[in-house]
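Data first, discussion second: the structure below is written as structure tokens.
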């Protein structure tokens, strides 16, 4: 701010130009002291009035009074966000016209609908299908950042109502309206921001409209999106599982503490059963019983499962299954230091996946994406720790060959002659790579940074679609960090859904 900005209006008219900062300091101090003398009494009255109002008003009105500034802040943030979206949308249109030839834009294409438009994996799905020659439409539930909206690979973007157990009809109906309006031929749900259960519920309705859904049915979701059911299936097949306990009451958890088993390792408690498919909750059990807080809803109708988080190398997969056959899989090692994903070739996990789906017997063949979390123990045994239906983050390692496996462009398509399925060079996160180098500056780390940038591909950036990179790192990620900080502050207060156990 210029030095003359704090001067009086009369002084501005008299002086042809701003004074130097040094000359304006005495007057600023004089005005500041005068303002304090004048403003002290109104400020004192305001504070007294505020204290009296808070003492007399009921607690409910106090909460409303405290929330009003938050509402005002959210309103202005919404206005700011609308102004920010306009130039980004215009830039996206410009990039589309600049990069995509006229013949390609006017060519009639098959349309694919992808959900989860706020996630990185949905962005990569859109880019891969676009590179494979499809017209891409993306949707996302209300209240989430529309990352894929800014991609030149996305032709249309829709916001749909967030589903829940009582109003899932709105979600299904909106998907059907998009399919009819855009003449969608193929639907690929990411199932990251919503449960796979809702996409399974929408599947028969979409297929009546001529849209194929790459996801399993409801009964298959019950069998594959539930960690407890996965463990039971593994036991029937003779496949090793970690130590786990089915929880149907609070006493079941207390018995684990009384026996001393919880102190022998790290245990994770997560929802199970049909109710757990809709409302998924997961938390780590504390070593001490005094720190234990349990949710109220633990019963036969809402079971939970406690799983031992076995020590060892942890892996996360993004597995593509079609007609109960694994047609593609990418496995990533969870790096303990950087908390990142490192793509690896693990034959033991590949064999486990093929063996599991070969022995799995359900009413219908399984089709869709599923993510498994594995651990390789000290004895070199591969154990499953959890499962979730949908497209997980390791999908970013797939190339544009992957959509052709899901939705073959022609009957003569051959996977072997179409190029690599998984990016051989791997991917990296630019901010994390730079920060790790700055934390430990050395010639080796700087050399490694340069080699990473030259040899690997950034997770979000690509020359023909640069806007999502800017939108994510300069808009979505900062807001996400702020929201996470606010949630951590709120979590410091006791939550009504948990009760201490004595």
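Residue numbers (the UniProt record's numbering): 1 to 502.
No residue lacks a Cβ here, since even glycine has one placed at the ideal position from N, Cα and C.
None of the values given here were measured: they were computed from a predicted structure.
For residue 167, the secondary structure class from DSSP, reduced to helix, strand or coil, is coil. Within the DSSP secondary-structure output, residue 274 pairs in no beta bridge. Within the same chain, Cβ atoms closer than 6 Å to the Cβ of residue 273 are found at 303, the five residues on either side in sequence being excluded.
Between residue 319 and residue 369, the C-beta spacing is below 8 Å.
Counting only runs of 3+ residues, the beta strand (DSSP E) found wholly inside the segment 329-393 occupies 341-344, 368-376 and 382-389, in chain order. Just so you know, the alpha carbons of residue 341 and residue 316 end up roughly 8 Å apart. Under the Cβ criterion (8 Å, minimum of three pairs), the segment 251-261 does not count as touching the segment 396-404.
According to the DSSP assignment, residue 319 belongs to the beta strand (DSSP E) that extends over 313-322.
Residue 324 and residue 203 have their alpha carbons spaced roughly 17 Å apart. Residue pairing by DSSP puts residue 282 in a beta bridge opposite 270. With respect to residue 197, residue 90 sits apart: the two C-beta atoms are not nearer than 8 Å. Closest in alpha carbon position to residue 117, among 171, 191, 178 and 244, is 191.
Bridge partners of residue 157 according to DSSP: 138.
In the structure shown, residue 294 falls within a strand segment according to DSSP collapsed to helix, strand and coil. One Cα belongs to residue 348, the other to residue 242, and the distance between them is close to 17 Å. Your pair residue 247 and residue 384 does not check out as a contact, with CB atoms roughly 19 Å apart and the cut at 8 Å.
Selection 280, 287 and 238 evaluated against residue 260 yields 287 as nearest (Cα-Cα). If you draw a straight line from the Cα of residue 376 to the Cα of residue 313, it is about 5 Å long.
Residue 141 and residue 126 do not touch by the CB rule: their CB atoms are close to 17 Å apart, not below 8 Å. Counting along the chain, no beta strand (DSSP E) covers residue 464, and no H or E run does either. Residue 119 and residue 147 have their C-alpha atoms some 7 Å from each other. For residue 120, there is no enclosing beta strand (DSSP E); the residue is found in the alpha helix (DSSP H) stretching over 120-131. Here residue 464 is exposed, its C-beta having fewer than 16 other C-beta atoms within 10 Å. DSSP places residue 197 in the uninterrupted alpha helix (DSSP H) bounded by 196-208. Residue 48 has its alpha-carbon roughly 50 Å from the corresponding atom of residue 276. The beta carbons of residue 363 and residue 326 sit no closer together than 8 Å. Taking C-beta atoms as the reference points, residue 387 and residue 372 count as a pair closer than 8 Å. Residue 325 carries a strand assignment under DSSP once its states are collapsed to helix, strand and coil. Rounded to the nearest whole angstrom, the C-alpha separation of residue 170 and residue 163 is 7 Å.
Note on geometry: alpha-carbon atoms of residue 134 and residue 394 lie some 22 Å from one another. Residue 247 is bridged by DSSP to 304. Secondary structure note for residue 221: its alpha helix (DSSP H) is the uninterrupted segment 218-224. In this structure residue 175 is in contact with residue 160, their Cβ atoms being roughly 7 Å apart against a cut-off of 8 Å. Taking 8 Å as the cut-off, the Cβ atoms of residue 282 and residue 268 count as close.
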